[in-house]
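Scroll down for the structure; my scribbles are underneath it.
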Amino acid sequence: MDPLLIVTVAVVLLLVSCGAFGAGCLWKRHQEKKNVDGANPDLELQPAAGHGQVALPRQPQSPTKPSLLALIPTSSVRKVLPPSVQCSGQISAQWPRRKVAFFTVESGSFKAFGHRYSIEHPDEPQLTKFHWADGTLQTLGRVDRNTIEWQTNHSNPEWQRFLWVCTPECTHGSTSHATEFSASSYKCSICRSSGNEKHWQCVEHNVHFCCNCAVPPLKPPTLGVSVRYVVDVFPPLARSATGAQNPDFYAMCPRLALGEHGLGFRKTCPRDGRPNCSLLDALEDQYSGKVTHFVSWCWGYTLQDFVSAVSAWLRRSQLTPDDVFLWVCFFCNNQYRIMDEGTKTGSDELKAVFETHLAEAGQMLVLLDKAWLCLFFLDRVIASVYQEGHQSVDHDD
1 MDPLLIVTVA
11 VVLLLVSCGA
21 FGAGCLWKRH
31 QEKKNVDGAN
41 PDLELQPAAG
51 HGQVALPRQP
61 QSPTKPSLLA
71 LIPTSSVRKV
81 LPPSVQCSGQ
91 ISAQWPRRKV
101 AFFTVESGSF
111 KAFGHRYSIE
121 HPDEPQLTKF
131 HWADGTLQTL
141 GRVDRNTIEW
151 QTNHSNPEWQ
161 RFLWVCTPEC
171 THGSTSHATE
181 FSASSYKCSI
191 CRSSGNEKHW
201 QCVEHNVHFC
211 CNCAVPPLKP
221 PTLGVSVRYV
231 VDVFPPLARS
241 ATGAQNPDFY
251 AMCPRLALGE
261 HGLGFRKTCP
271 RDGRPNCSLL
281 DALEDQYSGK
291 VTHFVSWCWG
301 YTLQDFVSAV
311 SAWLRRSQLT
321 PDDVFLWVCF
331 FCNNQYRIMD
341 EGTKTGSDEL
351 KAVFETHLAE
361 AGQMLVLLDK
371 AWLCLFFLDR
381 VIASVYQEGH
391 QSVDHDD
């Protein structure tokens with residue numbers, strides 16, 4: 001036999017044997033690794049659940065940003081539950097004409113400003129709607145955090161904007177309850193930010209929502225009386241109440257704003273919850289709204305002087321009377337409280353009242369008749385606080 005052939009066969013057999021041996025070793029190592037790594041981590045034993053604890057398998061961390069969720073702390077586990085933003089519960093709402101209302105939605109209805117409204121299809125967001133007393137339609141729109149924005153078919157949607165700020169709920173176990181908006185030190189249960197100011201919180205369960213994660217309740221604005229009421233409704237009412245054709249405001253006050261004949265007699269004041277409210281708060285909802293103009297005037301003015309001056313200014317300004325709301329102390333101050341407490345807004349308090357209401361109104365009307373009556377007022381208050389934005393209104397003779 002050829003020696004070269006024998007050597008070649010031997011080398012081939014040796015290489016085959018080495019390859020087989022190496023493959024066997026690799027297969028064995030693979031099997032050992034599989035037996036070790038194949039264990040299910042979700043089946044790893046957890047500590048026994050004691051009182052107030054929940055034994056849960058470990059879950060991978062989610063990289064997504066958390067939304068508005070109620071965190072339920074226990075002694076060892078914080079369970080995350082989704083929020084309940086629904087047409088129910090305690091609401092602060094931006095009311096039409098930029099007012100603010102506080103009410104509770106129960107069984108598909110709510111009551112505000114003396115009227116009850118029924119919500120149609122409250123459990124079906126695409127169909128949820130209700131109507132104002134005048135037939136204006138409001139349909140459920142966008143939901144953002146703890147707010148619900150409604151859409152309207154009104155011709156002036158800005159004045160008819162309806163926004164709900166829902167009170168967040170704290171869910172603990174099988175129960176849920178409303179949080180409260182108050183000040184304290186906190187660490188937000190959602191974004192983990194810290195602070196020491198007002199925020200939504202449940203003290204009992206140490207749940208906190210900062211104002212970035214849960215919108216705070218709305219603050220009531222300073223209200224004014226509608227020019228529509230001043231020009232069209234108030235004059236015949238004042239003449240009938242006083243029995244005079246052209247009474248001044250001193251004569252009108254005890255017949256319309258004070259005593260048992262006052263429009264606010266025995267009606268609850270929305271600001272302090274006590275009986276007897278201002279003339280403004282006694283009016284129908286449509287005749288009040290967020291103040292647009294602060295009015296400087298004198299109680300000695302007659303009904304005709306006052307109304308004709310406002311009417312003349314309205315014509316020149318080409319404004320809609322339903323969209324203009326005046327802060328006039330006769331209508332807006334609670335005359336019952338002023339009388340009961342024996343205090344009137346004198347010179348020491350005048351500047352503070354002027355600043356607060358004029359700043360929110362942003363515009364001022366000055367009704368001038370006997371100008372010398374207002375000189376002290378103008379010099380002491382107006383010139384020292386605001387230098388611009390004044391509008392003078394003269395009555396028609």
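The opening position of the sequence shown corresponds to residue 1 in the numbering used here, with each subsequent residue numbered one higher. Beta carbons: idealized from backbone N, C-alpha and C, even for Gly.
H199 burial status per 10 Å Cβ neighbour count (16 or more: buried) = Within the sequence shown, the letter at position 199 stands for residue 199. The residue in question, H199, is buried, as its Cβ has 16 or more Cβ neighbours within 10 Å.
| Range covered by the beta strand (DSSP E) that runs through D144 | Taking the sequence shown and counting its residues from 1, the one referred to as residue 144 is at position 144. Taken as a continuous stretch (DSSP letters only), the beta strand (DSSP E) holding D144 covers 137 to 144.
Determine the contact status of V227 and S296, defining contact as a CB-CB distance below 7 Å.
What you label residue 227 is simply residue 227 of the sequence shown in a count that begins at 1. What you label residue 296 is simply residue 296 of the sequence shown in a count that begins at 1. Cβ atoms of V227 and S296: not closer than 7 Å.
Subject >> P254 in three-state terms, based on DSSP >> reply: Within the sequence shown, residue 254 is the residue found at index 254, counting from 1. In the displayed model, P254 falls within a helix according to three-state DSSP.
Taking the alpha-carbon positions, what's the C166 to T356 distance?
Locating residue 166 in the sequence shown gives position 166, counting from the first residue. Locating residue 356 in the sequence shown gives position 356, counting from the first residue. Cα to Cα, the separation comes out at about 28 Å.
Run through DSSP, which three-state label would I91 get? Position 91 of the sequence shown holds residue 91. When secondary structure is reduced to three states using DSSP, I91 falls in the strand class.
Next on the checklist: According to DSSP, simplified to helix, strand and coil, what is H172?
Outcome noted: Taking the sequence shown and counting its residues from 1, one reaches residue 172 at position 172. Note: H172 maps to strand in three-state DSSP.
Using a Cβ-Cβ cutoff of less than 7 Å, which residues in the same chain neighbour S118 once the five nearest sequence positions on both sides are dropped? If you number the sequence shown from 1, residue 118 lands on position 118. Residues of the same chain with a CB within less than 7 Å of the CB of S118, apart from the 5 flanking positions on each side, are G108, S109, F130 in chain order.
Original post:
From this set, R142, P157, R145, which residue's C-alpha is nearest T136's C-alpha?
Top reply: Taking the first residue of the sequence shown as position 1, residue 136 is located at position 136. With distances taken between Cα atoms, T136 lies closest to P157.
task: Find the nearest neighbour of F181 within the set T139, R239, S92, H154, judged by alpha-carbon distance.
output: If you number the sequence shown from 1, residue 181 lands on position 181. Among T139, R239, S92, H154, the Cα nearest to that of F181 belongs to S92.
Buried or exposed: N276, going by 16 or more other Cβ atoms within 10 Å of its Cβ? The residue labelled residue 276 in the question sits at position 276 within the sequence shown. Here N276 is buried, its C-beta having at least 16 other C-beta atoms within 10 Å.
Margin query: Can you tell me where the alpha helix (DSSP H) holding R315 begins and where it ends?
Written below: Numbered from its first residue, the sequence shown carries residue 315 at position 315. In the DSSP assignment, R315 falls within the alpha helix (DSSP H) that extends over 303 to 317.
Let's test the definition: count the other Cβ atoms within 10 Å of the Cβ of S288 and tell me whether it reaches 16, buried, or not, exposed. Residue mapping note: residue 288 aligns to position 288 of the sequence shown, counting from 1. Its Cβ being crowded by 16 or more others within 10 Å, S288 is buried.
Residue from L279, N206, C210, E204 with nearest C-alpha to E197:
As a first step, residue 197 is located in the sequence shown; it is residue number 197 there, counting from the start. Comparing alpha-carbon positions, the option among L279, N206, C210, E204 lying closest to E197 turns out to be C210.
### Among T104, R239, V307, P122, nearest to R116 - alpha-carbon criterion
Numbered from 1 along the sequence shown, position 116 holds the residue referred to as residue 116. Checking every option, the nearest Cα to that of R116 belongs to T104.
inquiry  = Is the beta carbon of P168 closer than 7 Å to that of A214?
reply    = Position 214 of the sequence shown, counted from the first residue, corresponds to residue 214. Position 168 of the sequence shown, counted from the first residue, corresponds to residue 168. It is a contact, given that the beta carbons lie within the stated cut-off.
- Message: Along the chain, where does the beta strand (DSSP E) containing L223 start, and where does it finish?
- Response: Here residue 223 is taken as the residue at index 223 of the sequence shown, counted from 1. In the DSSP assignment, L223 falls within the unbroken beta strand (DSSP E) covering 223 to 226.
Among T128, G273, S194, V310, the one whose alpha carbon lies nearest that of L183 = Within the sequence shown, numbered from 1, the residue matching residue 183 stands at position 183. In the sequence on display, residue 183 carries Ala and not Leu. The option with the nearest alpha carbon to A183 is S194.
- Query: How would you label A257, buried or exposed, when you count the other beta carbons within 10 angstroms and need 16 or more for buried?
  - Reply: Translated into positions along the sequence shown, residue 257 becomes position 257. The residue in question, A257, is buried, as its Cβ has 16 or more Cβ neighbours within 10 Å.
Exercise. Below 7 Å CB to CB, which residues in the same chain sit around G50 once its five sequence neighbours on both sides are set aside?
Key: If you number the sequence shown from 1, residue 50 lands on position 50. Interpretation of G50 is limited by its pLDDT of 33, a score under 50 that renders its predicted location unreliable; no figure is taken from the coordinates.
Return the CA-CA distance between D248 and F331, expressed in angstroms with no decimal places.
-> Residue numbering aside, residue 248 sits at position 248 when the sequence shown is read from its first letter. Residue numbering aside, residue 331 sits at position 331 when the sequence shown is read from its first letter. Approximately 14 Å, taken between the alpha carbons.
**Local conformation of V230 per DSSP, three classes** = Counting from one through the sequence shown, the residue named residue 230 turns up at place 230. If DSSP states are grouped into helix, strand and coil, V230 belongs with the helices.
- Task: Would you mind working out which of H205, A361, R337, G300 sits nearest Y250, comparing C-alpha positions?
- Result: The residue you call residue 250 lines up with position 250 of the sequence shown. The shortest C-alpha to C-alpha distance from Y250 to any of H205, A361, R337, G300 is the one to G300.
Between the alpha carbons of P220 and C269, how many angstroms are there, rounded? In the sequence shown, the residue the question calls residue 220 occupies position 220. In the sequence shown, the residue the question calls residue 269 occupies position 269. Rounded to whole angstroms, P220 to C269 spans 14 Å at the Cα level.
Exercise. Out of P321, Q335, Q94, F325, point me to the one whose CA is closest to W164's CA.
Key: Numbered from 1 along the sequence shown, position 164 holds the residue referred to as residue 164. Closest option to W164, Cα to Cα, is Q94.
Tell me which residues share the same chain as S176 and place their Cβ nearer than 6 Å to its Cβ, disregarding the 5 neighbours each side in the sequence. Against the sequence shown, residue 176 aligns to sequence position 176. Contacts found: E169.
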